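Note that the protein sequences, when read in sequence, are chains P and D.
For reference, each letter of the first sequence is one residue, going 1 to 208 in the numbering used here.
For reference, each letter of the second sequence is one residue, going 1001 to 1172 in the numbering used here.
All C-beta atoms in this analysis are idealised placements derived from N, C-alpha and C, irrespective of residue type, glycine included.
As the structure is a prediction and not an experimental result, all values here were calculated from the model.
To start, the structure under review is shown below, and the notes come after it.
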Amino acid sequence: MPSDDAKPGRAGSRSGVSQDEAREADQALMERVSQGDAQAFQQLVDTGIDRVLAVARRTLGDETEAEDVAQEVFLRLWRQAENWEGGRAQVSTWLYRVTVNACIDKLRSRKEETVKDVPEIVAEATQQQMMEEDDLRNTMDSALQELPERQRLALVLFHYESMSMSAVAEAMDASVEAVESLLARGRRSLKKKLQSEWKALLPDIPEG
Amino acid sequence: MTAKNKKQKLERLAGILDVYGADASRWPDAERKELRSLIKRDRQARLLHREARALARVMDAAPSMRASSDLKAEIVSAAARCGDREARVVPIEAGQRPHKADTRPDGMTTFWPAVGLAASFALGVYLGVSGVGGTALDNAFQLAALNNGAEEIGYTELWLDENGGGEAEGLL
C-alpha cells in the first residue's frame, strides 16, 4: 500500500523515507496516473498491492477472493484516476477504503449465496497440533473469520496494518469511538476463542 | 494506591489492552506512562499485559499473502484493456497522444486484436522486465489506448458507499 498512517517500521513502510515524503510521492504518482501514465500505474500496483491483498485475505479468509478484490480495487483506481482530486484524499486512505468496501461487498454476496459453515478447527485441534505453525495459522484464520465483519475489519486495519485509530475510522466510515468499540469486542472474542492457544504461549512470554 | 483506585486502574489497563493491544507504543499518549508504571509495580497488571502479549503473538499467526507477479501483470494488462480510459507514456510529445480507435462503418472498432495482443504483451513483459523499464509495457498500453472504447472489462460497480461518505474521498 502506498504511504499511510501506519506505525513506522511495520511491513510495507518505506525505509528511510518519512511518511510525509512517501505521501507526497504517492500524490505525485497519482497525478501521473490521472494523466494516463501506465508506468506510474504499475508503480502504484507494485507498492500498494501487498497491503490491499493482506487486508482482503485476512478479511475474507480466501486467497482467490482476495485476488479478485485486489484486481477490482486497482482497476477502479485506474478507471477513476482522471477524477482524482489531489489534496482531498490520500492515495492510501482511498485504497484502504475501497478495499474495505469491496470486502464487505464480497462478504454480503457470499451470505446471499449460502451460509458458509466455518470449520470447527479450534474445537478439533489438539494442544500438540497447536504447536505447529500451520495449525496455529489455520486456527487463527478461522477465529478471525468467525468475528462479525466490522470487528474483523477494524482488527485487520488497526492490528495487522498498523493504521492509526483515526485512519481506521476514516477507512471504515465510522467514528473513532465506534472503531474503539469494535476493536475491544473483537479482541475480547478472539481472546475467548483462542484461549488454549494464547495460554500455551504464556510460558514463553517474559514478565514485564 | 487504595484498593478501589487500584481496581479502577486495572480496569482501565484491561480496557486499553482490549482496544489497542499489548504494544504500548500504540496506547494513547496521555495514558502510556502511567499504565507502564502500573505494569512495572503491580503483579496483576503484569499478568494482564502478559496475556495481551500472548494473544498478540497468536494473532500474528494469521495468514497474509503477497501478490504474485502473475497477479500484478494481470491487473496491469486488465487496465490496458479498459476501454474507457486512455493509457499512455508520460511525458508525451505534442501530437503523439494516443487517439481513439478508428471505427468501421458498422461501428465496430478496428483494433479488437490489439486488445488480446496488449494483454498478452503486457503480461509477458511484466513478468520479464518488471522494474527494469517500461518501454514494451508502455507499447502494450498504447496499443490498448488505440483500441480505446473497444472492450468493457467484466467490472461491476461494487463500490456503493452506503453512508454517502464517499463524497469527501476524492474518487469515491
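- [ ] Give the secondary structure of P/Asp204 by DSSP, where H, G and I count as helix, E and B as strand, and everything else as coil.
- [x] In the structure shown, P/Asp204 adopts helical secondary structure according to DSSP, grouped into three states.
Task: CB of P/Glu65 within 9 Å of CB of P/Ala54, strictly - done: Going by C-beta atoms, P/Glu65 is not nearer than 9 Å to P/Ala54.
Task: Alpha-carbon spacing of P/Arg110 relative to P/Leu60, whole angstroms - done: C-alpha separation (whole angstroms): 10 Å.
Task: Pairwise C-alpha distance: P/Trp84 and D/Ala1101 - done: Below a pLDDT of 50, predicted positions are generally treated as unreliable, and D/Ala1101, at 32, falls in that range; the measurement from the model is reported next regardless. Cα to Cα, D/Ala1101 sits roughly 25 Å from P/Trp84.
Task: Distance, P/Val73 Cα to P/Leu95 Cα - done: Roughly 7 Å between the two C-alpha positions.
Task: Interface flag, D/Asn1005 vs chain P, CB-CB below 9 Å - done: Chain P contact via Cβ: absent.
- [ ] Starting from D/Gly1021, trace the alpha helix (DSSP H) both ways and give me its first and last residue.
- [x] Per DSSP, D/Gly1021 belongs to no alpha helix (DSSP H) and is neither H nor E.
TODO: Rounded to whole angstroms, what's the CA-CA distance from P/Gln43 to P/Thr99? Just pull it up for me.
DONE: Straight across, the Cα-Cα distance linking P/Gln43 with P/Thr99 is about 18 Å.
Task: Boundaries (first-last residue) of the alpha helix (DSSP H) holding P/Ser181 - done: Here the alpha helix (DSSP H) through P/Ser181 covers Val176 to Lys193.
Open item on the list: Give me the subset of the stretch 43 to 65 of chain P whose CB atoms are less than 7 Å from a CB atom of chain D, sorted by chain position.
Closed with: Contacts with chain D (Cβ-Cβ distance below 7 Å) from the stretch 43 to 65 of chain P involve Val45, Asp46, Ile49, Asp50, Leu53, Ala54, Arg57, Arg58 and Glu63, listed in chain order.
Open item on the list: Please tell me whether P/Ser162 has its Cβ less than 9 Å away from any Cβ of chain D.
Closed with: Yes, P/Ser162 counts as interfacial toward chain D.
Task: Where D/Asp1029 falls: helix, strand or coil (DSSP) - done: Correct three-state label for D/Asp1029: helix.
Task: Endpoints, alpha helix (DSSP H) assigned at P/Ala28 - done: Where P/Ala28 is concerned, the enclosing alpha helix (DSSP H) stretches over Gln19 to Ser34.
- [ ] Look up D/Ala1014 in the DSSP assignment and say whether it is helix, strand or coil.
- [x] D/Ala1014 sits in a helix when the DSSP states are folded into three classes.
Open item on the list: In whole angstroms, give me the CA-to-CA distance for P/Ala167 and D/Ser1025.
Closed with: Rounded to the nearest angstrom, the gap between the Cα atoms of P/Ala167 and D/Ser1025 is 17 Å.
Open item on the list: Taking 9 Å as the threshold (beta carbon to beta carbon), is P/Glu149 in contact with chain D?
Closed with: Cβ-Cβ to chain D under 9 Å: no for P/Glu149.
TODO: Answer with buried or exposed for P/Val176, where buried requires no fewer than 16 other C-beta atoms within 10 angstroms of its C-beta.
DONE: Exposed, because fewer than 16 other Cβ atoms sit within 10 Å of the Cβ of P/Val176.
Open item on the list: Output needed for P/Leu155: all residues of its chain with C-beta closer than 6 Å, excluding positions within five of it in sequence on either side, in chain order.
Closed with: Here the set comprises Gly186.
- [ ] Identify, in the order they occur along the chain, each residue of the same chain with its Cβ nearer than 7 Å to the Cβ of D/Arg1053, setting aside the five sequence neighbours on each side.
- [x] Excluding residues within five positions, the ones whose Cβ falls inside 7 Å are Ala1022.
Task: Distance between beta carbons of D/Leu1013 and D/Leu1038, contact taken as under 8 Å - done: Going by Cβ atoms, the distance from D/Leu1038 to D/Leu1013 rounds to 6 Å, so yes, they are a contact pair.
TODO: Under 7 Å between beta-carbons, which chain P residues line up against D/Glu1074? List them in chain order, please.
DONE: Those within 7 Å of D/Glu1074 in chain P are Gln71.
TODO: Look up P/Asp37 in the DSSP assignment and say whether it is helix, strand or coil.
DONE: Residue state, collapsed to three classes: strand.
- [ ] Compare the C-beta of P/Ala38 against all C-beta atoms of chain D and say whether one is closer than 9 Å.
- [x] The beta-carbon of P/Ala38 is placed less than 9 Å from the nearest beta-carbon of chain D.
Task: Residue-level contact to chain D via CB, P/Ala28, 9 Å cutoff - done: By this cut-off, P/Ala28 is not an interface position.
TODO: Can you give me the start and stop residues for the alpha helix (DSSP H) that P/Gln80 sits inside?
DONE: For P/Gln80, the uninterrupted alpha helix (DSSP H) run begins and ends at Glu63 to Gln80, by DSSP.
TODO: Look at the alpha carbon of D/Leu1137 and the alpha carbon of P/Leu183, and state the distance between them as a whole number of angstroms.
DONE: For D/Leu1137, the pLDDT reaches just 38, beneath the cut-off of 50, and the residue's location in the model is therefore unreliable, although a value from the coordinates is still provided. D/Leu1137 and P/Leu183 have their C-alpha atoms some 43 Å from each other.
Task: Three-state class that DSSP yields for D/Ala1056 in the structure shown - done: For D/Ala1056, the secondary structure class from DSSP, reduced to helix, strand or coil, is helix.
Open item on the list: Less than 9 Å between the beta carbons of D/Val1019 and P/Glu180, yes or no?
Closed with: Contact flag set, yes.
Open item on the list: I'd like to check one pair, P/Ala143 with P/Leu201: are the Cβ atoms closer than 9 Å?
Closed with: Contact: no.
TODO: Could you run through the stretch 170 to 197 of chain P and flag, in chain order, every residue whose CB is less than 7 Å away from some CB of chain D?
DONE: Look at the stretch 170 to 197 of chain P: the residues with a C-beta under 7 Å from a C-beta of chain D are Asp173, Glu180, Leu183, Ala184, Arg187, Arg188, Leu190, Lys191, Leu194 and Glu197.
Task: Endpoints, alpha helix (DSSP H) assigned at P/Met163 - done: No alpha helix (DSSP H) contains P/Met163, which DSSP labels as neither H nor E.
Task: Simplified DSSP state of P/Ala89, which is helix, strand or coil - done: DSSP places P/Ala89 in the strand class (E or B) of the three-state scheme.
Task: Residue nearest to P/Asn101 in terms of C-alpha spacing, selected from P/Asp46, P/Asp50 and P/Leu157 - done: When only C-alpha atoms are compared, the closest one is P/Leu157.
Task: CB contact below 9 Å: D/Ala1150 versus chain P - done: Because D/Ala1150 carries a pLDDT of 33, less than 50, the predicted location of this residue cannot be relied on, and no value is offered for it.
Open item on the list: Give me the chain P residues within the contact set of D/Ala1067, using Cβ-Cβ distance strictly less than 9 Å, ordered along the chain.
Closed with: What D/Ala1067 touches in chain P: Val45, Asp46, Ile49, Asp50, Val52, Leu53, Glu67 and Ala70.
Task: Interface flag, D/Arg1057 vs chain P, CB-CB below 9 Å - done: Under the Cβ distance rule, D/Arg1057 counts among the residues neighbouring chain P, one pair being separated by less than 9 Å.
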